[in-house]
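Engineer:
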Amino acid sequence: MDDDSGKSMSIATTTAADELPDDIKGWVIGQPLRSNAIDVLEHSFGSRPGRQIRQELPAEGEEGLFSQAWFPLCLDSEVPAETVLGVDFLDGRVVVWRDALGSAHVTSAFCPHLGASLESGSVIGETLRCGFHHWSFDRDGRCVSTAIGDKPPKDACLFVFPSMERWGIVWAFNGLTPLYELPEFPVDTEKLLFKSFALPDLMPVDPWIQCANTPDIQHIKTLHRISFEGRDPYEDVVWTDFSMRYSFEGFFDTGTSAAWDVGIYGTSLYYQSAWLDGRWFGFMVPMGLPRPGYTRNYFVVAAEKGDDATSDEEFINQCVFTEMGIVGEDTHIMKSLRFRPGTLTRSDRVIGKYFDYLRKYPRAHPSAQWIR
Numbered sequence: 036m037d038d039d040s041g042k043s044m045s046i047a048t049t050t051a052a053d054e055l056p057d058d059i060k061g062w063v064i065g066q067p068l069r070s071n072a073i074d075v076l077e078h079s080f081g082s083r084p085g086r087q088i089r090q091e092l093p094a095e096g097e098e099g100l101f102s103q104a105w106f107p108l109c110l111d112s113e114v115p116a117e118t119v120l121g122v123d124f125l126d127g128r129v130v131v132w133r134d135a136l137g138s139a140h141v142t143s144a145f146c147p148h149l150g151a152s153l154e155s156g157s158v159i160g161e162t163l164r165c166g167f168h169h170w171s172f173d174r175d176g177r178c179v180s181t182a183i184g185d186k187p188p189k190d191a192c193l194f195v196f197p198s199m200e201r202w203g204i205v206w207a208f209n210g211l212t213p214l215y216e217l218p219e220f221p222v223d224t225e226k227l228l229f230k231s232f233a234l235p236d237l238m239p240v241d242p243w244i245q246c247a248n249t250p251d252i253q254h255i256k257t258l259h260r261i262s263f264e265g266r267d268p269y270e271d272v273v274w275t276d277f278s279m280r281y282s283f284e285g286f287f288d289t290g291t292s293a294a295w296d297v298g299i300y301g302t303s304l305y306y307q308s309a310w311l312d313g314r315w316f317g318f319m320v321p322m323g324l325p326r327p328g329y330t331r332n333y334f335v336v337a338a339e340k341g342d343d344a345t346s347d348e349e350f351i352n353q354c355v356f357t358e359m360g361i362v363g364e365d366t367h368i369m370k371s372l373r374f375r376p377g378t379l380t381r382s383d384r385v386i387g388k389y390f391d392y393l394r395k396y397p398r399a400h401p402s403a404q405w406i407r
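In my numbering, the protein residues as written are 36 to 407.
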């Protein structure tokens, strides 16, 4: 989709506001009855299929391994200069700490001396100091001093995650070296206006399960009620080892048009470039992994700056409310979902390829002995 396509998109929302944190809300406005026991008897002794088909997929944490992907840990506003924040991540605990120069770092949470949590410590200049015995660690995770004056043991170190700050979020990569880059919006950073926030409640599924909504084209057509203009985009998906992406144009059941460029990066990021009321906006859902089987959802909504700051603010809020309406259509399903890929049809060929993508996706856990 060309960025200057000028397509407009607006939809009616459902339960969007129910999913918004309190501070975000200010931005935006069973079984059938049976007639008798005979019906129950006939139902109970009806025919059953001989087997249930399942296509097994690796869950996060299975065999002690996790996707080698970028995961959001916190909003950057949660870590002011010279502070420490403890965060659940993968199957353990990490700390995000910001040094006096303003740089954020992500390390294992437990001091190698006696295991005290560094979230009870403090930041001194460019070092993180344990609150228990005042051992200090530099940005590379090395112990550089002990308060008592003993020479720091050679092996006294923390695990340091590859990390970055982008779109108001602190990210960590599960691995020793990042395997891919996060996507960029098609607007110069200097011209970009964005808002980022996190939902307060965890979703009881792995991030990759939520990401499966994007290659699930049946789901887009049924739950979100989008009719594609021209042919369905089954053959238009571009795959890499660490992403999938496609564009489409179509209409919601309200008759309003949609022009979207969507994709998945790694196993934990939904990307979207779209149009609302003739104006471009970007949307991302970075998905944190606080523990196996759970997701913390973050949201980034972006737009190009205009000449009127008040109008820009109103447009961003409109985009937030619109996207939360779409997310709200998925939320009640995800809260009770037990994802079990089984029998597929021809219309499932993109999500079927996504399942293959997941089976081949690299998994590791180099920080295991440090963060638990």
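Each residue gets a CB set at the ideal place from its N, CA and C atoms; glycine is no exception.
Measure the alpha-carbon distance for V362 versus D347 and round it to whole angstroms.
Structural biologist: Each residue's alpha carbon lies about 22 Å from the other.
Engineer: I386: buried (16+ other C-beta within 10 angstroms of its C-beta) or exposed?
Structural biologist: I386 should be labelled buried.
Engineer: By a C-beta neighbour count over all protein chains shown, 10 Å radius and 16 as the cutoff for buried, is L108 buried or exposed?
Structural biologist: With 16 or more other Cβ atoms within 10 Å, it is buried.
Engineer: From I252, L258, P327, pick the residue whose C-alpha is nearest to that of G360; which is it?
Structural biologist: Measuring from the Cα of G360, the nearest candidate turns out to be L258.
Engineer: Alpha carbon to alpha carbon, what distance is there between V240 and D223?
Structural biologist: Roughly 34 Å separates the two Cα atoms.
Engineer: What does DSSP give as the partner residues of N332 in its beta bridges?
Structural biologist: In the DSSP output, where bridge partners are listed per residue, N332 has M322.
Engineer: If we call anything under 9 Å between Cβ atoms a contact, is A337 one with L163?
Structural biologist: Against a cut-off of 9 Å, the Cβ pair of L163 and A337 comes out as no contact.
Engineer: On the criterion of 16 or more Cβ atoms from any shown chain inside 10 Å, does V297 qualify as buried, or is it exposed?
Structural biologist: So V297 ends up on the buried side.
Engineer: Could you give the C-beta distance for L110 and S231, rounded to a whole number, given that I count them as a contact under 8 Å?
Structural biologist: Right, the Cβ-Cβ distance comes to about 6 Å (below 8 Å), so this counts as a contact.
Engineer: Any chance the segment 180 to 194 sits against the segment 203 to 223, with 3 or more Cβ pairs inside 8 Å?
Structural biologist: Contact fails: fewer than three Cβ-Cβ distances are below 8 Å.
Engineer: Would you check if the segment 377 to 386 and the segment 328 to 337 touch, i.e. whether three or more CB-CB distances between them fall below 8 Å?
Structural biologist: No, the segment 328 to 337 is not in contact with the segment 377 to 386.
Engineer: Cutting at 7 Å between CB atoms, please list the residues of its own chain near A403, excluding the five before and the five after it.
Structural biologist: So the qualifying residues of the chain are G99.
Engineer: At 4 residues or longer, what runs of the alpha helix (DSSP H) sit wholly inside the segment 290 to 321?
Structural biologist: Listed in chain order, there is nothing to give.
Engineer: Can you name the start and end residues of the beta strand (DSSP E) that W105 belongs to?
Structural biologist: 105 to 110 is the span of the beta strand (DSSP E), which, as asked, contains W105.
Engineer: Measure the C-alpha to C-alpha separation of K395 and V355 and round it to an integer number of angstroms.
Structural biologist: Spanning the two alpha carbons is a distance of roughly 34 Å.
Engineer: Which of helix, strand or coil does DSSP assign to Y281?
Structural biologist: Strand.
Engineer: Quick check on this structure: which residue in V131, R407, R375, F124 has the alpha carbon closest to the alpha carbon of S114?
Structural biologist: The residue you asked about is not Ser; residue 114 is Val in the sequence shown. Minimum Cα distance to V114 is reached at V131.
Engineer: Quick check on the burial criterion: 16 or more other C-beta atoms within 10 angstroms. Buried or exposed for E358?
Structural biologist: That one is buried.
Engineer: Taking the continuous beta strand (DSSP E) assigned at V129, which residues delimit it?
Structural biologist: Element bounds for V129: 127 to 133.
Engineer: With distance defined between alpha-carbon atoms, name the residue in A144, S112, I204, I88 nearest to G106.
Structural biologist: Before going on, a small fix: residue 106 reads as Phe here, not Gly. Among A144, S112, I204, I88, the Cα nearest to that of F106 belongs to I204.
Engineer: Does DSSP put A344 in a helix, a strand or coil?
Structural biologist: A344: helix per DSSP, three-state reduction.
Engineer: Who are the near neighbours of Y215 in its chain, counting only those whose CB is closer than 6 Å to its CB and skipping five residues on each side?
Structural biologist: Only F277 meet the Cβ criterion.
Engineer: Can you give me the start and stop residues for the beta strand (DSSP E) that G210 sits inside?
Structural biologist: Neither: G210 is in no beta strand (DSSP E) and is coded neither H nor E.
Engineer: Let's test the definition: count the other Cβ atoms within 10 Å of the Cβ of V158 and tell me whether it reaches 16, buried, or not, exposed.
Structural biologist: Its Cβ being crowded by 16 or more others within 10 Å, V158 is buried.
Engineer: May I ask you to report which of helix, strand or coil DSSP gives A191?
Structural biologist: A191: coil per DSSP, three-state reduction.
Engineer: For the segment 199 to 277, list the beta strand (DSSP E) runs that are entirely contained and at least 3 residues long, ordered along the chain.
Structural biologist: DSSP runs (the beta strand (DSSP E)) wholly in the segment 199 to 277: 204 to 208, 227 to 233, 261 to 263, 273 to 275.
Engineer: Since G127 and I406 should fall inside the 8 Å C-beta cutoff, what is the C-beta to C-beta distance between them, to a whole number of angstroms?
Structural biologist: Contact flag correct, Cβ pair sits at about 3 Å.
Engineer: From which residue to which residue does the beta strand (DSSP E) around I159 run?
Structural biologist: Counting along the chain, the beta strand (DSSP E) containing I159 begins and ends at 157 to 159.
Engineer: If I follow the unbroken beta strand (DSSP E) through F196, where does it start and stop?
Structural biologist: Per DSSP, F196 belongs to no beta strand (DSSP E) and is neither H nor E.
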